[in-house]
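For reference, the structure is listed below as structure tokens.
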Amino acid sequence: MDIIVIVLLIIGLVFFTGGAVGILRFPDFYSRLHPAGKMDTMGSLFMLIALALFNLHHFTLATLLTSLKLIVIVVFVFLSSPTAIHGIVDAGVRAGLTPWTKGEKRR
Amino acid sequence: MKILGLIIAVLTGTLLIYTTSDFPSWGDPSSPASTHLSPHYIEKTLEETSVPNIVTAVLADYRGYDTMFETTVIFGAGVACFFLLRVPRRKEPVERLYRHTLTGMTLRIKDLDEVPENLDEFERIDTLWAPYDLIIKTVCRLLIPFIQLFALYVIAHGHHSPGGGFQGGVILGASFILLAVSYDLRTAKERLREKLGGILCAVGVLIYAGTGALCLLLGLNFLDYSALASILHVDPITARSHGILIVEIGVGLAVMATMIWIYDNISSEGKYEEGL
Amino acid sequence: MDQIFIYTGLLLIILMVLSLYRALFGPTVLDRLIGANAIGSKTVVLLILIGLIYHRVDMFVDIALAYALLNFIAVLAASRYFQKKRGLYDELH
Amino acid sequence: MEALEQQEKSLEGSRESGRDRPANRPPSRKRFGPYLVTFLIMFFLWILLSGKFDPFHLTLGVISCAIVSFFSGDLLFDSPRMKGFPRSWWRFLLYSPWLLYQIFLANLHVLFLTFHPKMLDLIDPQIFRFRSKLRGDLALVTFANSITLTPGTITIYVSVDGDFSVHAIDQQSKQGLPGEMEIRIARAFSEG
Amino acid sequence: MTWQLDIPILTLVVVCAIGAITVKDLLGSAILFGAYSFMMCLLWAIMGAVDVAFTEASVGAGVSTVFFVAAVFRTTRRTKD
Amino acid sequence: MRYAPCVLILPMSDLITHIVANYNYWIYITLMMIGLYAIIAKNNLVKKIVGMNIFQTAIILFYISIGAKKGATIPIIEHAHGDHGAGSSAVHAIEYINPLPHVLMLTAIVVAVATLGVALALALKVYQQYNSLEEDEILDQIREK
Amino acid sequence: MSSQYPALLVATPLLAALFISIAGWVYKKLCFPIAVVALSVATYASIGLLLRVLNEGVVHYRLGGWEPPWGIAYYVDHLNGLVLVVVCVVALLNLIGAKKSIDQDFPDKIGPFYTLYILMVTGLLGIVITGDAFNLYVLLEIAALTGYGLLAMGDKRAALSTLNYLYMGTIGACFYLLGVGYLYIVTGSLNMADIARILPPLYESKAVLAAFIICMVGVWLKMAFFPLHAWLPNAYTHAPSASSGLIAPLVTKVMIYVMIRLIFTVFTPEYAFNTLALSNAFVWLAAIAIVMGALFALAERNLKKMFSYIIISEVGYMVGGIWLGNRAGMTGAVLHILNDALMTLCLFLVASNIVYKIQGHSFDDLKGIFRKMPVTMGALVVGALSIIGVPPTCGFFSKWYLISGAVQAGQYGFVAALLFSSLVNVVLFFRVLEIAFFEPFGDHDGHGHTESIDEAPLSMLVPLLIVALGLVIVGVYTGDIVNLVIQFAIPREIL
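Protein chains in written order, with my numbering: chain A, 1043 to 1149; chain B, 36 to 311; chain C, 7 to 99; chain D, 432 to 623; chain E, 10 to 90; chain F, 10 to 154; chain G, -7 to 487.
Listed below in structure tokens is the structure:
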């Protein structure tokens, strides 16, 4: 059980790392959004599932409900995170940011 | 000014760092702060108020007087914002923009009497109009009821888990703010009218202070919830627990209404016509 | 297991530093917004981790839930700013 | 203050037609169904959140759910088509594992891009448009959010008619759209 | 209360604070202030002050950043320092 | 849920002990200096409000640091779920973090939010009158009259 | 019921403020009557409380029925009994006097105005009555926040100066809070009496020293003691007259009360005067404050601003009087709280009447106003005599106590500063009266000598006359006040 939890945690961390590094490495605002929001979402998914599993060690009604709450958090993250990204990208378009195209310098 | 600020900041900092050496070290269980007052709270809360969350018990009962004024601070801030910003009447004729939904034409209407007859085809828009954003609106529409339920849950379960009136009230207020952000201010105001909000603020604090005054009328001290036992037909200790819940509801109401009030006034500069 | 959680938390904090770099030095405000949003999503996980370290996760889960629900209000408000005030004010000059 | 009230009255007057109602739909206050469904969903969530089953807390729960469904029942369901509701949600649940799998695959792709040393040569950001045959707010929003969640593509703008404007990070991501995802969503919401 | 998490977050808090007052743009300042409040919430949680953390979470994420953005929306983003 | 204090297993040298013992206080002082500097030296009115909030948060940090207690858990009594009234197993003060500073700081956070609201409202009013948020520009405008 | 006076004193205005707020939305005509009734009840309760204190000694009241160190308790002795009465009476008189100008200034925001007004009085009463160090902070913030609201609705500059006040006031309150935190970390208690009980073994601790300094700086910021005064003059000058009439007399006095309370009850005089060897420095600081306040006032050509600088100077009197550390000085300082509240109220009511009639408060507007508003200006003369310190009025007696205390302590610099400021006050008021009396009214318009009396309405004049009369009456009965009340307000160990 612990091993599954650790593996899931590590997968989540890898996604989170990808998101964080991606924010730094991608060249412009639009492409930065790709790793930023979504890999974070994926990372949260894995890590929260791992923690929910770990929480089920002592299986009682209370821990089950807590784990379910963690799953609810995942659901809400999945609802709100793409919306937030959409809001940001919409703002970027309205603000008149032009997308980076191949060959330009990193912004 | 910069140098003066630097000097003052550094002086204060030096004084404070100099005096930290006399502090008990961080997290020391035998420091005076941990041995004088708090053991009583930790050990007696459950038997004196039957509330497992010590913070809630201390907040709403032992130091309930503080919390009453904390709520009053929020209320006062709301009234002050309203007093400062609300624009009572327009000198110049009101100018509004209406958009024809089918053609996308925009009408500029100066006098209120000449509102387009067939309003179904027109929608009122802000001067800084942003087109209809489907995703944000739909997702917010789906989320807002859940946020509100969560807020009520937080208020109701302040006894057993972190949370309570203030946190729940803020979340409840945030749900209305989210409505105002994702739609527009007018839609949000349609759900909670200005007058209702203003009265709710006062009613929230009134629930708190009124509970205190009721205890006074029942013959005990101000805010001594055990006086409620005779009304609620329970023993005094459970009455304290219920008293805390009543008070938390009052705090929640007041905080919710005030947060919305402040947001409305700031985001629309007190005009309530259009906001962020 | 506590140790593992602590190290996971540390790693998350390091990742937060990376996001914070974008929030601090992002060339435009929207980059800062991305950074802040990324910090927010890590905060949710970190809160649960802290709860597990305390062995009282049922108490911390509400806070994380509140964050998951409220985190995007600020982002939406900021993006709303740009929807209403067109044009990205050039902060570099 | 009187001036305020007057102003408010006039505002109400201009609103009576329901123009500023969410999502610009006719009022659905008359029907009882949405409120009941909202109440049930809310009560389920309450049980999940609360974890206390004594009468006192359950009463609080009923009151809270009633308040929420009274105030916000029309927010959760303001679509006029309530008939297909349970089925479409059930199908949506069936759709979500596939979506998760897709998201996972695409995440791996972006992960690969992120850590690739010559990332700048691999990516080719571009904005493109396409028209979806989906109708209905929920279906469109589900599709848009699925697109956003699938890394490599972000929905920039969706119109009510189904015009999508999407930012894609490279050619591979672009080619996946609208593709299978749209078909599955259409099936989930019993459209098309 | 784990000092391994406490110390790095305390450091980050200071970084956020300095950022929030030095950024030459009020909207950026508001956003960084939001990030500052995230950190503070984590800090309270680490020190075991759950109720305070909850309050900071709801206030920081829910209202205070929005207040700032609304105020900046109604005034200006320009700042000289 | 069993009770398990989060004991630190890593060995700590004296230096680390000293740093840990005082780090919270140093940081609160640093934050306070930042806030104070921002209030006094910054020219922009909203920046000053940000500084003011940082200042208030610093004091909250100070209080919460007072309340911290090593090896204790959060101040919500365990094993008390469901049963109202006395009769649960005895509660020992050493096991729970001091709740009083938390209570005080809840109040302080509320006050901070209230102050923030009023301050922003005032800043808005100033901006309506002078069309600027920079203090020196406003003072120039006043002097010109 | 008399055992519940302390609770009534705070609860009545609070409930009234809430009802006023609701009435403001529903039926606005009720606002003023509710406010008057609430303040009358509070005044009645405060007088009853003072009488009870005179009969029985210190009154304790447990809120929520909890024992003091754990719950919050009121602690009423002779000192705050007196200050409570002052706060109630001043607020009530100003409320009645300000009704017309409120109707004139905020015709459509009457509800919020009265709400803020009564909330502010609640906050001030709460500050004075409470025996809990942290509770004091919360009430301080109530008084401050409502005060910002009240002050900022004045003329064009009001918002900016109030914003500056807000920054400074917040720093002050936060410093106070920090000081309480330092006390909490070394004593573990928040109740003032409890802290005083625990502190003596810790007198050598650096943390206590820091707590003392930080608290003092915070309170000084709030009371506008000289180097930290910069926010006050502008904030008070540009405020609407109804609110400056409440805030100017009360806020600084209440903060001085807080300082006295901190010295007497929390840190104990033993620590403040013996362990710390700082009293000399503070007295010198106070002397500088007096002189600088007087000089600033001399440079002003604006009535309200001049009054504001006089307040700064008077704050110097009281701070110096306390730090003289002997009985006469403290008697003078405590007596001066009462006197100065009345004198400042008198001055600001005069200013309020003038603003109500001629819409201005610079010296140029005052020309020939004596003929136009004789009663108002008569009251100004009484107030001026009191501020200068002419015998039948009360100002003389407190100054007398202060000077004798200073001589007793050998602080001749302070004596000199007092005399200098009296002299400057003579000049100041003579200048005002000269303009008001001798220069013809409306000269610049060409048609001067409008002899007709155009006095402020009766509802504004009556409170003003009561205050002016009060100045003389308090002066006549000074001996009784000192013997019955103030004598017991000062701890016995001070000689």
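Ideal Cβ positions, reconstructed from N, Cα and C, are used throughout, including at glycine.
Check: Sort Leu10/G, Pro366/G, Gly141/G, Ser(-5)/G by Cα distance to Leu41/G and report the nearest one.; Outcome: Ser(-5)/G
Check: Could you work out which residues of chain B lie near Ala72/C, taking near to mean beta carbons separated by less than 8 Å?; Outcome: Phe185, Val189, Gln202, Ile206
Check: Would you mind telling me which residues of chain C sit closer than 8 Å to Ser1122/A, beta carbon to beta carbon, in chain order?; Outcome: Ala74, Leu75, Asn77, Phe78
Check: Using CA coordinates, which residue listed in Leu372/G, Gly387/G, Met160/G, Lys359/G is at the minimum distance from Gly324/G?; Outcome: Gly387/G
Check: For Pro14/F, I'd like the list of residues in its chain whose CB is within less than 8 Å of its CB, leaving aside the five on either flank, ordered along the chain.; Outcome: Note on Pro14/F: pLDDT 43, under 50, position unreliable in the model; no value is reported.
Check: Output the boundary residues of the alpha helix (DSSP H) element that contains His547/D.; Outcome: Per DSSP, His547/D belongs to no alpha helix (DSSP H) and is neither H nor E.
Check: Report the start-end ranges of each alpha helix (DSSP H) in the stretch 155 to 227 of chain B that is 4 residues or longer and not cut off at the edges.; Outcome: 169 to 191, 200 to 217, 220 to 226
Check: What residue ranges within the stretch 94 to 180 of chain G form continuous beta strand (DSSP E) runs of no fewer than 3 residues, ordered along the chain?; Outcome: none
Check: Report yes or no: do three or more beta-carbon pairs, one from the stretch 232 to 244 of chain B and one from the stretch 8 to 15 of chain G, lie closer than 8 Å?; Outcome: yes
Check: Kindly list the residues whose CB is nearer than 8 Å to the CB of Asn52/F, restricted to its own chain and excluding five residues on each side of it in sequence; keep chain order.; Outcome: Glu143, Glu144, Asp145
Check: At the 8 Å Cβ level, is Arg86/C part of the contact set with chain F, yes or no?; Outcome: no
Check: So, is Pro457/D buried or exposed, given that buried needs 16 or more other C-beta atoms within 10 angstroms?; Outcome: Low per-residue confidence applies at Pro457/D: pLDDT is 44, beneath 50, and the placement is therefore not dependable, though the value from the model is reported in the following sentence. Pro457/D comes out exposed.
Check: Contact defined as beta carbons within less than 8 Å: I believe Val275/G pairs with Phe406/G. What is the distance between those atoms, to the nearest angstrom?; Outcome: 5 Å
Check: Using a Cβ distance threshold of 8 Å, determine whether the stretch 198 to 206 of chain G contacts the stretch 100 to 118 of chain G, with at least three qualifying pairs required.; Outcome: no
Check: Once you ignore the five residues that flank Thr1083/A on each side, which residues in its own chain have a CB closer than 8 Å to its CB?; Outcome: Val1119, Phe1120, Ser1123, Pro1124
Check: Residues in the same chain with beta-carbon distance under 8 Å from Ala1078/A, minus the five sequence neighbours each way, listed in chain order, please.; Outcome: Gly1061, Gly1064, Ile1065, Ile1127
Check: Tell me which residue opens and which closes the alpha helix (DSSP H) that Gln557/D is part of.; Outcome: Counting along the chain, Gln557/D falls outside any alpha helix (DSSP H), though it belongs to the beta strand (DSSP E) covering 557 to 562.
Check: So for Val86/B, helix, strand or coil by DSSP?; Outcome: coil
Check: Whose C-beta lies closer than 7 Å to the C-beta of Glu121/B among residues of the same chain, with five residues either side of it excluded?; Outcome: One detail in the question is off: residue 121/B reads as Arg in this sequence, not Glu. Excluding sequence neighbours, Arg121/B sits near Asn300, Gly305.
Check: Between the stretch 1069 to 1082 of chain A and chain C, which residues of the former have a C-beta closer than 8 Å to a C-beta of the latter?; Outcome: Phe1071, Arg1074, Leu1075, Ala1078, Gly1079, Asp1082
Check: Consult DSSP for Leu270/G and reduce its assignment to one of helix, strand or coil.; Outcome: coil
Check: If the cut-off is 8 Å on Cβ atoms, which residues from the stretch 242 to 264 of chain B count as contacting chain D, listed in chain order?; Outcome: none
Check: Mind checking if Thr84/E is an interface residue toward chain C, Cβ cutoff 8 Å exclusive?; Outcome: no
Check: Can you say whether His1100/A is buried or exposed, counting buried as having 16 or more other CB atoms within 10 angstroms of its CB?; Outcome: exposed
Check: Identify, in the order they occur along the chain, each residue of the same chain with its Cβ nearer than 7 Å to the Cβ of Gln202/B, setting aside the five sequence neighbours on each side.; Outcome: Val189
Check: Name the residues in the stretch 580 to 607 of chain D whose C-beta lies less than 7 Å from a C-beta of chain A; which are they?; Outcome: Leu580, Pro582, Gly583, Ile585, Thr586, Ile587, Tyr588, His598, Ile600
Check: Where Met369/G and Leu35/E are concerned, what is the direct C-alpha to C-alpha distance, given to the nearest angstrom?; Outcome: 50 Å
Check: For Leu94/B, I'd like the list of residues in its chain whose CB is within less than 6 Å of its CB, leaving aside the five on either flank, ordered along the chain.; Outcome: Thr102
Check: Could you check what DSSP says for His61/C in three-state terms: helix, strand or coil?; Outcome: coil
Check: Considering only the alpha carbon of each residue, which of Pro64/B, His71/B, Asn88/B, Thr54/B lies closest to Gly198/B?; Outcome: Asn88/B
Check: So with CB distances below 8 Å, who are the chain B contacts of Met145/G?; Outcome: Phe118, Leu119
Check: Going by beta-carbon coordinates alone, are Ile134/G and Thr114/G separated by less than 8 Å?; Outcome: yes
Check: Mark Asp95/G as exposed unless 16 or more other C-beta atoms lie within 10 angstroms of its C-beta, in which case mark it buried.; Outcome: exposed
Check: Could you check whether the stretch 1086 to 1095 of chain A touches the stretch 572 to 587 of chain D, counting it as contact only if at least three pairs of C-beta atoms, one from each stretch, sit closer than 8 Å?; Outcome: no
Check: In whole angstroms, give me the CA-to-CA distance for Val250/G and Leu170/G.; Outcome: 15 Å
Check: I need the straight-line Cα distance from Val45/G to Leu85/G, nearest angstrom please.; Outcome: 24 Å
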